[in-house]
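This report refers to the structure that appears directly beneath it.
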Amino acid sequence: MSGRGSQVIRTRHQKLEELRRLGIEPFAYEYDVTAHAAEARAAFEAAEAAGELVDGKGQDVRLGGRLVSFRTHGKVTFADLQDASGRIQLYFRRNDLGEKAYDRLDLLDIGDWIGVAGHLFRTRMGEVTVHVTSYELLAKSLRPLPLGKEEVDPETGERIVHGGFADIEQRYRQRYADLAVNPHVREVFIKRTRIVRAMREFLDARGYLEVETPILQPLYGGASARPFITHHNALDMPLYLRIADELYLKRLIVGGLERVYEIGKDFRNEGIDRTHNPEFTMLEFYEAFADYRRMMTVVEDLMVHLVRTVTGGPLEITYQGITLNFQPPYPRLPYLDALKEYGNIDVNAMDDAALRDAVKSFGAEDVESMSRPKLMDELFKELVEPHLQQPVFIIDFPLELSPLAKPKRGAPDLVERFELMVAGREIANAFSELNDPIDQRQRFEAQVRLREQGDEEAQTLDEDYIRALEYGMPPTGGVGIGVDRLVMLLTDQPSIRDVILFPTMRPE
RNA sequence: GGGCCGAUAGCUCAGCUGGCAGAGCAGGGGCCUUUUAAGCCCACGGUCCUGGGUUCGAGUCCCAGUCGGCCCA
């Protein structure tokens, strides 16, 4: 709270002054920690099981962490300390600490960082606890954390949190507090890091080179989206934040790097909802001499590796109550067949007007100006995607929707492209990359015409990229994977904001 | 962009047809040397999201706005 400040905050400031008056520095410089809470507990239990304890007294430890609860009983006090590994109970006794140090516990608050030294023991109630013989304040907390009280259900053994930090808006705005008080939130982000690390392991092991390409680009491309625009002062020119890495990574294939990948932020200037954040993380990888069919098997192998990373072995996960099985091979379902099967849309039997009527029937906007492929895309999103729960490759998309993909062998209106769909969402998007510079120029020109007709998401003509293709790009398979959405899937989170540490928000 | 819902103590929430703004937890003062949502007693704590309006009287009703959530586009 601003202004006069709350009673709680005022009290903490008073304690801070009192500490300074006593010559105690409330913001320490270091503490020599010998273990984490979880290690200390495990070590005690091992010693106990081996019968090594004398008078029930365990190892000496020095722990650092945050005070998360406090129970005073006159001349004895219990507290809980939380560090990165979890929580452990602390036991302070006046006789052991001395009167002065014991009384100064009054100057501590929940949320303070402290260091404690003492030995481990097990209480009458059976809890492994640190019998504290000395403690130090490491950092005073001047603002109360929204910590709830925890209870363990005696029947199920589950932790029940009373009160706590539930306001969704404040949890996103103050992620530091969310992380500090909600262990399951910490778990999600730890898993996210493991998943991204597993992606690197997988690609590194297959000889892919991790690279970094420009985020600030003079032209943006590689996807259909509106960009963020910024300005370079010294060059006095506009620059765009990238919407995709694609065109730069393929330039590296031209350069002979053969297998490259990048994991990085892309930026798209569009709405925010459960599956869209303006900045998001994308994995793209490209492999020379491969076509989209080969890339499907790479994606299957990658998914197996990632699912196993999360589950520890099994290939089934639950997403929002639905069990998903990632055992390959995943079905290959042609785009037009999917439209027919799930949407009852037989594209070959319907003229543009019939398609347009079908799109209108579910109330889309700007239907009159849509091209035939755009209409098909609308129908696909509306009628087909919700049915695609179990992993499936949708293959062979209409050419106009895919200006960077190679025409399908034997079907020139289609391209060799697949999307891996899971839980009704696109997880991966991939092509046999278009490496014919003459065809690529024509595709760009078609995009420019669409742009001139008002399609703000149509791509721009990138002359330098054409020049690169003119030098010669080998046949190449490329894949893009939205990392945030994949992490949502693998951590069973309903919103992209639950897997981004600091999601984009309007200012308070 | 549209619809619905929400915003009240530091936190989690209640507050009916308009009538003195509440509870639990946290925080403060007591008692308590193995407790664990510790317990018992006492006192304290409010820009009811913001701005208008209706009314004798608004947390409550009306209008506009801010921020957020869900659904739709």
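In our numbering, the protein residues as written are 3 to 510.
Cβ coordinates follow ideal geometry from the N, Cα and C atoms, glycine included.
Inset, instruction - Return the first residue and the last residue of the beta strand (DSSP E) that asparagine 437 is part of. - result: Counting along the chain, asparagine 437 falls outside any beta strand (DSSP E), and DSSP gives it neither H nor E.
Inset, instruction - Report the rounded CA-to-CA distance for valine 256 versus proline 476, giving the unit in angstroms. - result: Roughly 7 Å between the two C-alpha positions.
Legend entry - Counted within 10 angstroms of its Cβ, other Cβ atoms place glycine 113 as buried (16 or more) or exposed: Buried, by the Cβ-count rule.
Inset, instruction - Hey, could you find the ends of the alpha helix (DSSP H) asparagine 97 is sitting in? - result: Segment 96 to 99, the alpha helix (DSSP H) holding asparagine 97.
Legend entry - Collapsed DSSP secondary structure at methionine 3 in the structure displayed: Because methionine 3 carries a pLDDT of 32, less than 50, the predicted location of this residue cannot be relied on, and the following value inherits that uncertainty. Annotated three-state conformation of methionine 3 is coil, per DSSP.
Legend entry - isoleucine 483 - partner residues in DSSP beta bridges: Answer by DSSP bridge pairing, in chain order: Leu285 and Ala430.
Inset, instruction - Mind checking who lysine 59 pairs with in its DSSP beta bridge? - result: Answer is Val56, bridged to lysine 59.
Legend entry - Exposed unless 16 or more other CB atoms sit within 10 angstroms - verdict on serine 363: Counting other Cβ atoms within 10 Å of its Cβ, serine 363 stays below 16 and is therefore classed as exposed.
Inset, instruction - Could you tell me whether the region 400 to 412 touches the region 425 to 435, where touching means 3 or more Cβ pairs closer than 8 Å? - result: Cβ pair count under 8 Å is three or more, so yes.
Legend entry - Nonlocal neighbours in the same chain, by C-beta distance under 8 Å from alanine 179, ignoring five residues either side: Excluding five sequence positions before and after alanine 179, the CB atoms of its chain that fall closer than 8 Å to its own CB belong to Leu147, Pro148, Phe167, Gln172 and Arg173, given in chain order.
Inset, instruction - Would you kindly check if the distance between the Cβ of alanine 48 and the Cβ of valine 132 is under 9 Å? - result: Not closer than 9 Å, so no.
Inset, instruction - Confirm the yes/no value for this check: CB of valine 134, any heavy atom of the ligand MN, distance under 8 Å. - result: For the ligand MN, the structure offers nothing, since it holds no ligand at all.
Legend entry - Reduced DSSP category for glycine 412 - H, G, I as helix; E, B as strand; rest coil: The three-state reading of DSSP puts glycine 412 in coil, since its state is none of H, G, I, E or B.
Legend entry - Ranges of the alpha helix (DSSP H) found wholly within the region 71 to 139, counting only runs of at least 4: Whole alpha helix (DSSP H) segments, 4+ residues: 96 to 99 and 101 to 105.
Legend entry - Endpoints, the alpha helix (DSSP H) within which glycine 345 is located: Glycine 345 -> alpha helix (DSSP H) spans 337 to 345.
Inset, instruction - Measure the alpha-carbon distance for glycine 273 versus alanine 227 and round it to whole angstroms. - result: Going from the Cα of glycine 273 to the Cα of alanine 227 covers about 11 Å.
Legend entry - Distance between tyrosine 137 and tyrosine 288 (C-alpha atoms, nearest Å): Those two C-alpha atoms are separated by around 55 Å.
Legend entry - Reference methionine 127, options Leu99, Glu160, Leu65 and Tyr93, closest by Cα: Ranking the options by Cα distance to methionine 127, first place goes to Tyr93.
Legend entry - Burial state of aspartate 415 (16 or more Cβ within 10 Å): Of the other Cβ atoms in all chains shown, fewer than 16 fall within 10 Å of the Cβ of aspartate 415; this residue is therefore exposed.
Inset, instruction - Could you pull the start and end residues of the beta strand (DSSP E) that lysine 267 belongs to? - result: Its beta strand (DSSP E) spans residues 261 to 269.
Inset, instruction - Only counting runs of 3 or more residues, tell me where the beta strand (DSSP E) segments fall wholly within the region 151 to 214, in order along the chain. - result: Fully enclosed beta strand (DSSP E) runs of 3 or longer: 151 to 154 and 161 to 164.
Legend entry - Burial state of methionine 284, where buried means 16 or more other Cβ atoms lie within 10 Å: Only buried fits methionine 284, as 16 or more other CB atoms lie within 10 angstroms of its CB.
Inset, instruction - Determine which residues share a DSSP beta bridge with methionine 239 and list them. - result: Bridge partners of methionine 239: His234.
Inset, instruction - In angstroms with no decimal places, state the Cα-to-Cα distance between glutamate 160 and lysine 151. - result: Roughly 14 Å separates the two Cα atoms.
Inset, instruction - Could you pull out every unbroken alpha helix (DSSP H) segment of at least 4 residues lying fully inside the region 287 to 335, listed in chain order? - result: For the region 287 to 335, whole alpha helix (DSSP H) runs of length 4 or above, ordered along the chain, are 294 to 313.
Inset, instruction - Take glycine 88 and list the residues in its own chain whose beta-carbon comes closer than 6 Å to its own, dropping the five residues that flank it on each side. - result: Around glycine 88: Ala39 and Ala40.
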